[in-house]
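Colleague: One structure coming up, written as structure tokens, with questions to follow.
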Amino acid sequence: MKQKALQMIIESGDEGILQCDMWRKLGATSREGSRIALKLARRGLIRRERVLHEGRWTFKLYPKWRKVTLDSILGCPCLACPDSARCGPWGSVSPNECEKLTNWLLQLAEEDS
Numbered sequence: 007m008k009q010k011a012l013q014m015i016i017e018s019g020d021e022g023i024l025q026c027d028m029w030r031k032l033g034a035t036s037r038e039g040s041r042i043a044l045k046l047a048r049r050g051l052i053r054r055e056r057v058l059h060e061g062r063w064t065f066k067l068y069p070k071w072r073k074v075t076l077d078s079i080l081g082c083p084c085l086a087c088p089d090s091a092r093c094g095p096w097g098s099v100s101p102n103e104c105e106k107l108t109n110w111l112l113q114l115a116e117e118d119s
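Per the numbering used here, residue 7 is the first one in the sequence shown, and the count goes up by one each step.
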């Protein structure tokens, strides 16, 4: 049941899921849901944030990590670079000195702000 709960929390993404909604969807009791959430939080897999929902205090559960997608590296110049075989921190071509990589990272930072 812990694995199902964790999967549900991960799928909720940045908006999170209310602890009461999680245990209802799992078909568990409030007590079981609370214990599952506490165990996942202690293991560092989720973050619990106390919120007031419909006049009652509950917790909103958020994943500490997200699903990995290729979207984060699409457009990276390293993927099609002819010098990738020679590239490395101490190689003749270095990511520390790469103008294409620097420009791409600056562009990503600009888009995020």
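Yeah, the Cβ is synthetic: ideal placement off N, Cα and C, and Gly gets one too.
Determine the extent of the beta strand (DSSP E) in which Arg41 is found, giving its start and end residues.
Modeller: Segment 36-48 is the alpha helix (DSSP H) holding Arg41; no beta strand (DSSP E) there.
Colleague: Could you tell me whether the Cβ atoms of Ile16 and Leu67 are closer together than 8 Å?
Modeller: For Ile16 and Leu67, no; Cβs fall outside 8 Å.
Colleague: Could you tell me whether the Cβ atoms of Ile42 and Lys70 are closer together than 8 Å?
Modeller: Result no, Cβ atoms of Ile42 and Lys70 do not sit closer than 8 Å.
Colleague: Considering Lys66, what are the terminal residues of the beta strand (DSSP E) in which it resides?
Modeller: It spans 62-69 - the beta strand (DSSP E) in which Lys66 sits, taken as one unbroken run.
Colleague: Under 8 Å Cβ to Cβ from Ser36, same chain only, skipping five residues before and after it: list those, please.
Modeller: Answer for Ser36: Cys26, Trp29, listed in chain order.
Colleague: Report the three-state DSSP secondary structure of Glu55 (helix, strand or coil).
Modeller: Correct three-state label for Glu55: strand.
Colleague: Determine the contact status of Ala11 and Leu32, defining contact as a CB-CB distance below 8 Å.
Modeller: Yes; because the gap between Cβ atoms is below 8 Å, this pair is in contact.
Colleague: Assign Gly61 to one of two classes, buried (16 or more other C-beta atoms within 10 Å of its C-beta) or exposed (fewer than that).
Modeller: Gly61 should be labelled exposed.
Colleague: From the DSSP output, which residues share a beta bridge with Leu111?
Modeller: Answer by DSSP bridge pairing: none, since Leu111 is not bridged.
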